[in-house]
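One structure below.
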Amino acid sequence: LAVSWCAEDLTFPPGFKFGAATAAFQVEGAWNVSDKGESKWDRFCHEFPHKIQDRSNGDVACDSYHQWKRDIEMAEELGLHFYRFSVSWTRLLPSGFANHISEDGTRYYNNLIDGLLEKGIEPFVTLYHWDLPQSLQDLGGWTNPLVADWFADYARVVFTLFGDRVKWWITINEPIVICDVVYNSGIMAPPIISPETGAYLCNKNVMMAHARAYRIYDEEFRPKYQGKVSVANHHIWFDPLTPADAELAELARQNAVGRYAHPIYSKTGGWPASIEKALEEVSLKRGYSKSSLPAFTQEEIEFVRGTYDFYAMNHYTSRLIRKAREGETFNFWPFADCIDLGAKVQKQEDWDVTSTFWFFIHPEGIRRQLAWLKQQYGDIEFIITENGFPTVEGIHDPIRIKYYKAYLKQVLLAIKEDGVYLTGYTAWSLMDNFEWSDGYATKFGLYQVDYNDPHRKRTPRDSARFYKNLIKTYTLDDGATQDEL
Ligand code: GBH
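Throughout the sequence shown, residue numbering follows mature numbering (1 follows the signal peptide of the UniProt record, and there is no 0), covering -6 to -1, 1 to 479 in sequence.
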């Protein structure tokens, strides 16, 4: 029986879940309170203040370490079904290793988790959102294969402490940013440039670390807790500039998504074949004796393959991609160019720009990205773990509402027209926060945060009202009544 659907039906399926997200370093502050250890982002901001747009840091941020009750209240005001936040590795394990567990750190996350559950809001927890212990960075960080052991030990501690109450887990947020962006750009922690080596060592290690954590959950915790675990990849949608660039666009997708997803979600596991080949060629041409992308053993392929319970997608923006022209210079991959594939990216003329340089508006991209993922990895459960919009100032943010509406409409089309099994959506972000190298200048919050107020007062934006109303009515239809907040 064909299910008919009217194009004007802007209603989300029953049971669909809406949430909002933050990350520890971006909101918690309290960077050296109690026994908390130093993270690589603490070090980076303190040592290289000029690398942050407003020379700011995460020392206080939104002070969520002290304002967590207000954070829960906001989640409740919006009617969120879940709140996605991350655990700070060095707040829980000050040395980076599992030799000592911080009591204050444990108490903080227990309070947050219990407080959410009391309000009927599910905690959706990310183990790692970029704040590696500096102690581990000093030992090579994500380029050292031992990072998989360190991460596994940390993951086991988190699952042991909170697994009885947390049913939704993300191991690692946006591996591509940890690897490709870090080692190509110098604009994130640590400022080590190693595009030909570091980025690819990191790529393999991060896959192994994720798989270790997944297997630990699967074997030691799933039997009693029955939660779900995945990794949240970052997705920029690539369209070819001209039909002649179609093959390159597909290679770019395999490079930016496949290199981090294929080992986990594909039937065969391991690197995408096209990327394995392209990177071996380019490595040999550069004089290396083998590919810079480290090989997996057959055993490792099997170990990583299938380590997911759902697909977690972060998505914000799109690019057009084309072959580089003779003599053209490159920016860094992936938010700009890919020198290894001889590819240049650009924006389509009619895509609007935003207040931050890497972000163009292209709502159709989110639908096409989901359809591509379904085609690549099958009819699995998808959850959008991040999507949102940057502004510079103001409580009135019609442009953010417009973005959410346009993107969410495409999300509905993915569900209803393309049959993508999508069960949840997460707005980035619950509140303004430390936006990495943009500092506090770029604001993604449904709630505005007043950084001049010692209590970091949070005030709902118009977009918060929009989101609250969407969660209440399950429809994007403008006719639905607006609520006070
Ligand atoms: C997500 O990253 C993050 O998970 C979240 O922490 C962040 O606050 C949010 O999005 C909004 O940015 O030189 O082009 O690489 C999205 C991917 C990676 C985009 C880092 C910006 C830095 C600029 N981001 N990137 S670029």
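All C-beta atoms, glycine included, are put in the ideal place defined by N, C-alpha and C.
Of the heavy atoms belonging to the ligand GBH, none sits nearer than 6 Å to the Cβ of His356. With a cutoff of 6 Å, Trp62 does not count as near the ligand GBH, since its C-beta is closer than that to no heavy atom of the ligand.
When DSSP states are grouped into helix, strand and coil, Gln47 belongs to the coil group. Secondary structure of Leu406 (DSSP, three-state): helix. Each residue's CA atom was taken as its position, placing Ala435 and Pro185 some 21 Å apart.
Rounded to whole angstroms, the separation of the alpha carbons of Phe118 and Leu470 is 25 Å. Secondary-structure assignment with DSSP links Gly192 through no beta bridge to anything.
The Cβ atoms of Glu22 and Ser50 lie no closer than 7 Å to each other. Within the DSSP secondary-structure output, Val347 pairs in a beta bridge with Phe354. Note on geometry: alpha-carbon atoms of Gly263 and Lys396 lie some 39 Å from one another. Remark: the shortest separation between the CB of Glu168 and any heavy atom of the ligand GBH falls under 6 Å. Apart from sequence neighbours up to five positions away, the residues of its chain that approach Leu273 with a beta-carbon distance below 7 Å are Ser285, Ser286, Leu287, Asp334, ordered along the chain. Where Asn308 is concerned, the enclosing beta strand (DSSP E) starts and stops at 305 to 317.
Around the Cβ of Ile389, a 10 Å sphere holds fewer than 16 other Cβ atoms; the residue is exposed.
Relative to the ligand GBH, the beta carbon of Ala69 is positioned no closer than 6 Å to any heavy atom. The three-state secondary structure of His204, taken from DSSP, is helix. The beta carbon of Tyr208 lies closer than 6 Å to those of Val223, Thr301 in the same chain, with the five residues before and after it left out. Between Asp233 and Leu121, the gap from beta carbon to beta carbon reaches 7 Å or more. Residue pairing by DSSP leaves Gly157 without any beta bridge partner. Distances from the CB of His44 to the heavy atoms of the ligand GBH are all 6 Å or more. The beta strand (DSSP E) runs of length 3 or more contained entirely in the stretch 69 to 96 are, from start to end of the chain, 76 to 80. In this structure, the ligand GBH has a non-hydrogen atom nearer than 6 Å to the beta-carbon of Ala17. Nearest to Lys218 by C-alpha distance, out of Gln248, Phe153, Ile166, is Phe153.
The stretch 408 to 418 and the stretch 450 to 466 do not touch, with fewer than three beta-carbon pairs separated by less than 8 Å. The ligand GBH approaches Val175 closely enough that one of its heavy atoms is under 6 Å from the residue's Cβ. Distances between the C-beta of Trp352 and the heavy atoms of the ligand GBH include at least one below 6 Å. Setting aside the 5 residues that flank it on each side, Lys11 is surrounded in the same chain by His75, Phe76, Thr417, Gly418, each with a C-beta closer than 7 Å to its C-beta; the list follows chain order. By the Cβ-count criterion, Val175 is buried, with 16 or more other Cβ atoms from all chains shown falling within 10 Å of its own Cβ. Excluding the 5 residues flanking it on each side, Glu358 has same chain C-beta neighbours closer than 7 Å at Gln404, in chain order.
At the C-beta level, Leu126 and Lys30 stay beyond 7 Å of one another.
Counting of Cβ neighbours within 10 angstroms places Phe79 among the buried residues, the total reaching 16 or more.
Relative to the ligand GBH, Val171 has its C-beta within less than 6 Å of a heavy atom. Between Thr84 and the set Met182, Asn249, Asp36, the nearest pair of CA atoms involves Asp36. In the assembly as shown, Pro43 is an exposed residue. Its beta-carbon has fewer than 16 other beta-carbons within 10 Å.
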